[in-house]
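Colleague: Here it is, the structure, as C-alpha cells.
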Amino acid sequence: MKNYIYSKNTVVLLFLVILTLLSWYVGLSGDESLKSDADSVVMIFLSFLKTGLVILFFMEVKSSKPELLGMCGVWMVGSCVLTSSVLLSYI
Amino acid sequence: MLAQATFLKQEQRRNPGELGVWVFVLADMFVFTMLFCLFLHYRNEDVFSFNESMKKLNLHYGMINTVILLFSSWFAANAAMAMHKSSLRACKRFMLLTMLCGLSFLVLKGFEYSEKLSYGITPYSNEFFMFYYVLTGIHLLHVIIGIFVVGFAWIRLKVVGGEGIGSVGIENAVTYWHMVDLLWIILFPLLYLLPLS
Numbered sequence: 053m054k055n056y057i058y059s060k061n062t063v064v065l066l067f068l069v070i071l072t073l074l075s076w077y078v079g080l081s082g083d084e085s086l087k088s089d090a091d092s093v094v095m096i097f098l099s100f101l102k103t104g105l106v107i108l109f110f111m112e113v114k115s116s117k118p119e120l121l122g123m124c125g126v127w128m129v130g131s132c133v134l135t136s137s138v139l140l141s142y143i
Numbered sequence: 022m023l024a025q026a027t028f029l030k031q032e033q034r035r036n037p038g039e040l041g042v043w044v045f046v047l048a049d050m051f052v053f054t055m056l057f058c059l060f061l062h063y064r065n066e067d068v069f070s071f072n073e074s075m076k077k078l079n080l081h082y083g084m085i086n087t088v089i090l091l092f093s094s095w096f097a098a099n100a101a102m103a104m105h106k107s108s109l110r111a112c113k114r115f116m117l118l119t120m121l122c123g124l125s126f127l128v129l130k131g132f133e134y135s136e137k138l139s140y141g142i143t144p145y146s147n148e149f150f151m152f153y154y155v156l157t158g159i160h161l162l163h164v165i166i167g168i169f170v171v172g173f174a175w176i177r178l179k180v181v182g183g184e185g186i187g188s189v190g191i192e193n194a195v196t197y198w199h200m201v202d203l204l205w206i207i208l209f210p211l212l213y214l215l216p217l218s
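So the protein lines, in turn, are chains A and B.
Everything in the first sequence is counted per our numbering, starting at 53 for the first residue and increasing by one.
Everything in the second sequence is counted per our numbering, starting at 22 for the first residue and increasing by one.
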C-alpha cells in the first residue's frame, strides 16, 4: 500500500486537489476585485491544465506512443483554445 | 545519457488499453467540447441571466464532487498500476474504491437535483438550467456506465482471475473512468465558477 501512496500519482492528486480548492475559493469569494473576465479565462486554462495532468499521469499517456500523445494534446489544446475563444468573443 | 533517462525509447512506449477504447474516449471528449462551446455561446447572448442563475447553484456540491472524482481517478490509476505488478488483491481493492467514489458522486448529485427541484428549478426554468440539467445529466449517465464498466471488470477479475481478463481489460475500464473525471473537471468551472464579472 505504501508503494501506491508514496508515488508520483499522489503528488499529482495533491496538486489537482489544491487547484480545485483554489478555484472553489475564488468562486466562493464575495470579493468582486477577484473577479474579472480575464479570471474566467484563467479558470478555464487551469481546468485544462488539470485535464492535462490526469491524461499524462493517471491515464499513462506520458509513456504511450506518440500518436496517442499527439491526439490527446490536440484535444486538450484545441478544446482550451476553442472554449476560451468563445468566452472571449463576448468581451 | 540524460536523454535516455528522461525519454522512453520507442519500443518501451505502449498505449494503455485498446485502440478502440481510445477512439471512443477521444470522440466523446470532442463531442463534449462542442457542448461546452454551445453553452458558452448561449451564455454570451444573455450573460446577466446566466450569471444570476449560476448563483443559485451550490458551489460546495460542485467542489466535493470534483474532489471525489479526482480521488476516484487516483484509485483507478492505482488499480492499473497494481495490475501491472500482478497484485490482484490491491487491484480489486482499488477498483472497489473507484466504484465507491462513483456511487458517492451519484448520491451527492441526487441531493443536488432534489434540492433544485424542491425550489421549483427545472430544465424549463431558463436556458441556463436547461444546459445545467442536460450537461450534468449526460455526464451522470457516463458515471453510471463507468460504475458498470469498472464493476464488470472487477467481477471478471474475481471470476476468471488476472490472466483471464489481462491488464488490457483493466486498462480499458480505467481509461473510460478517467474520461468521466476529465469531463467533470471542465464542467465544474463552466457551470459553477464562471459568473465572474
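Virtual Cβ for every residue (Gly too), placed ideally from N, Cα, C.
1. To be precise: take each residue of the segment 171-189 of chain B, compare its Cβ to all Cβ atoms of chain A, and keep it if any distance is under 8 Å. Which residues remain?
2. Could you pull out every unbroken alpha helix (DSSP H) segment of at least 4 residues lying fully inside the segment 68-105 of chain B, listed in chain order?
3. Is any beta-carbon of chain A found at less than 8 Å from that of A98/B?
4. Does the separation of the CB atoms of F57/B and I207/B fall below 8 Å?
5. Ordered along the chain, which non-local residues of its own chain (more than five positions away) have a Cβ less than 7 Å from that of S188/B?
6. Using a Cβ cut-off of 8 Å, pull out every chain B residue sitting near I70/A, in sequence order please.
7. In this structure, does DSSP put I142/B in helix, strand or coil?
8. Check the C-beta distance from L214/B over to G104/A and give it rounded, since I have them as a contact under 8 Å.
9. Nearest to W95/B by alpha carbon, out of F152/B, G182/B, F115/B?
10. Excluding five sequence neighbours on each side, which residues of the same chain lie with their C-beta closer than 8 Å to the C-beta of W43/B?
11. Would you check if there are 3 or more beta carbon pairs closer than 8 Å linking the segment 142-150 of chain B to the segment 66-77 of chain B?
12. Counting only Cβ pairs nearer than 9 Å, list the residues of chain A close to H199/B.
13. In chain order, what residues of the segment 53-72 of chain B put their CB closer than 7 Å to some CB of chain A?
14. Going by other Cβ atoms of all chains shown within 10 Å of its Cβ, with 16 needed for buried, is P210/B buried or exposed?
15. Less than 8 Å between CB atoms is the rule here; does L74/A satisfy it with respect to chain B?
16. Report, in whole angstroms, the separation of the C-beta atoms of W198/B and A97/B, which I expect to be a contact under 8 Å.
17. Quick check: is the beta carbon of K60/A nearer than 8 Å to any beta carbon in chain B?
18. Give me, in chain order, the residues of the same chain whose beta-carbon lies closer than 7 Å to that of Q33/B; leave out the 5 immediate sequence neighbours on both sides.
19. As a quick exercise: from F97/A, S75/A, L66/A, A90/A, pick the residue whose alpha carbon is nearest that of L134/A.
20. Short check: CB of L203/B to CB of M50/B, under 8 Å?
21. Determine the contact status of L109/B and T72/A, defining contact as a CB-CB distance below 8 Å.
Modeller: Checking against the coordinates, here is how it stands:
1. none
2. 68-75, 80-105
3. yes
4. yes
5. M104, H105
6. Correct list: empty, because the minimum Cβ distance to chain B is about 11 Å.
7. coil
8. Incorrect: roughly 19 Å between the Cβ atoms, too far for contact.
9. F115/B
10. N36, T196
11. yes
12. V106, I107, F110, M111
13. T54, F57, C58, L61, H62, N65, V68
14. buried
15. no
16. 5 Å
17. no
18. none
19. F97/A
20. yes
21. no
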